[in-house]
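*Asks:*
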Amino acid sequence: MVVDNLTFKLSDVSDTLFLTLYSRVFESRSTDPLIDDPQAEAIAEKLTPILAQSDKKMLRKLAQGKLDSRLVVHIALRARKYDAYTRDFLAQHPDGIVVNMGCGLDTRFHRVDNGRFHLYDLDLPEVMAVKRQVLAETDRYHFIGQSVLDVAWVEMLKAEWGERPFLFLAEGLFMYLQPEPVKALILKLRETFTGAELVFEAVNERLTRPLMRRMVEFKMQKELGIGAGAGYYFGIKDGLEPESWHPGIKFLDEWVYFDEPEKKIGWMRSFRHLEMFRTTQWTVHYRLN
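Numbering-wise, our numbering puts 273 at position 273 of the sequence shown, and it's gapless, one number per residue.
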């Protein structure tokens with residue numbers, strides 16, 4: 001259900017909040033869509049008049065339906081894959097608990113709902129304040145307005161659900177955070193939720209080095225109109241690296257965007273043959289014991 005009467009200020013939240021939403025919206029409305037997201041489309045109908053009045057060019061372009069098609073396809077494919085991870089988890093644990101860390105305006109609950117599981121959307125208070133104005137919580141769909149690094153939410157969920165199976169998702173989040181807090185969070189999840197699964201999007205460690213970080217920020221500023229704080233800080237060398245943090249962290253599999261057999265990826269699919277590009281930005285999947 002989409003809520004009426006929007007009252008938030010655009011200055012209260014990051015522009016990237018809308019980039020990911022509108023990427024899914026544009027793809028959902030496209031020919032042969034990679035993802036079907038009617039809930040996101042309904043939210044966009046409410047937000048578009050507000051974005052159209054923004055003093056930021058990028059937000060006005062979103063309101064006009066303009067966004068780089070490569071980004072749209074990437075975001076849509078990533079969302080589809082994380083939906084697939086969620087469905088696979090629910091196939092094994094229909095009453096499981098899914099935690100969508102750094103959720104933004106994601107609508108995953110509505111895309112994968114099996115009528116039994118619980119999903120917690122977790123993001124900063126100012127982000128969740130916006131989300132509460134465009135989506136409604138239910139008895140199985142819950143909002144938490146906290147920093148992902150504030151482990152109070154970890155203890156709260158443990159107290160609420162005990163040994164219930166958990167899946168933790170971090171889609172487009174960890175790379176923007178400092179390394180040690182991210183590592184500490186993952187270790188805390190392992191300690192607290194035995195047998196849980198963790199799926200997160202990673203960037204290669206080389207992109208977190210100062211020069212490369214500045215290049216990423218410049219690219220973001222030039223192509224999307226955002227830059228400050230958009231650099232990468234947390235990265236890994238490969239999918240096996242987190243296993244070295246604790247013997248209870250077990251690498252299960254990884255997903256590379258370029259491996260998807262989708263025509264909409266175009267010539268960039270050729271990157272799947274080049275290891276350097278395969279693990280520039282990709283997704284990794286772990287069991288926490």
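Just so you know, even glycine gets a beta-carbon here, dropped at the ideal spot from N, CA and C.
#1: For GLU171, which option in GLY231, PRO33, ARG269 and ARG80 has the closest C-alpha, if you only look at C-alpha atoms?
#2: Mapping the DSSP letters down to three states, classify TYR22 as helix, strand or coil.
#3: Using the Cα positions of ILE265 and ARG70, report the straight-line distance between them to the nearest angstrom.
#4: Using the C-alpha atoms, what's the distance from LEU19 back to GLU205?
#5: Output the boundary residues of the alpha helix (DSSP H) element that contains ARG287.
#6: Nearest by alpha-carbon distance to LEU157: which of VAL134, GLU126 and LEU122 is it?
#7: Have a look at ASP32, HIS118, LEU59 and GLN178 and flag the residue whose alpha-carbon is nearest the alpha-carbon of ARG140.
#8: Consult DSSP for ALA170 and reduce its assignment to one of helix, strand or coil.
#9: Let me check understanding here. Comparing Cα to Cα, which of VAL154, ARG164 and MET220 lies closest to TYR176?
#10: Where are the alpha helix (DSSP H) runs, 4 residues long or more, that stay fully inside the region 10–81, in chain order?
#11: Would you check if the region 160–168 and the region 193–209 touch, i.e. whether three or more CB-CB distances between them fall below 8 Å?
#12: Between which two residues does the alpha helix (DSSP H) containing TRP161 stretch?
#13: When we look at the beta-carbon of GLN39 and count the other beta-carbons within 10 Å, is it buried (16 or more) or exposed?
#14: So, are the CB atoms of THR208 and GLY235 less than 7 Å apart?
#15: If I measure Cβ to Cβ from VAL182 and keep anything under 6 Å in the same chain, skipping five residues before and after, which residues do I get?
#16: Kindly indicate which three-state DSSP category HIS93 falls into: helix, strand or coil?
#17: DSSP three-state call for LEU198: helix, strand or coil?
#18: Thinking just about the alpha-carbon of each residue, which of GLY65, ASP36 and TRP282 is nearest to the one in PRO49?
#19: Counting only the same chain and skipping the five closest in sequence on each side, list residues whose C-beta sits under 7 Å from that of SER147.
#20: Give the range of the alpha helix (DSSP H) segment to which ILE249 is assigned.
#21: In whole angstroms, give me the CA-to-CA distance for ALA230 and VAL216.
#22: With C-beta atoms as the reference, is SER28 less than 7 Å away from GLU41?
#23: Which two residues bound the contiguous beta strand (DSSP E) that contains LEU122?
#24: According to DSSP, what are the bridge partners of HIS246?
#25: Got a sec, what are the start and stop residues for the alpha helix (DSSP H) PHE109 sits in?
#26: Buried or exposed, going by whether 16 or more other CB atoms sit within 10 Å of the CB of GLU201?
#27: Please classify PRO242 as buried or exposed, where buried requires at least 16 neighbouring CB atoms within 10 angstroms.
*Replies:* By the coordinates alone:
#1: ARG80
#2: helix
#3: 7 Å
#4: 25 Å
#5: Segment 281–288 is the beta strand (DSSP E) holding ARG287; no alpha helix (DSSP H) there.
#6: For LEU157, the nearest C-alpha among the options comes from LEU122.
#7: Per the Cα distances, HIS118.
#8: strand
#9: MET220
#10: 16–28, 38–52 and 57–63
#11: With the cut-off at 8 Å, the region 193–209 and the region 160–168 touch.
#12: 152–161
#13: GLN39 should be labelled buried.
#14: yes
#15: Correct list, in chain order: PHE174 and PHE234.
#16: coil
#17: strand
#18: For the residues GLY65, ASP36 and TRP282, the minimum Cα distance to PRO49 belongs to GLY65.
#19: LEU124
#20: No alpha helix (DSSP H) contains ILE249, which is instead part of the beta strand (DSSP E) from 249–255.
#21: 8 Å
#22: yes
#23: Boundaries of the beta strand (DSSP E) harbouring LEU122: 118–123, taken from the DSSP string.
#24: Answer is none; HIS246 lacks a bridge partner.
#25: 108–112
#26: buried
#27: Buried, by the Cβ-count rule.
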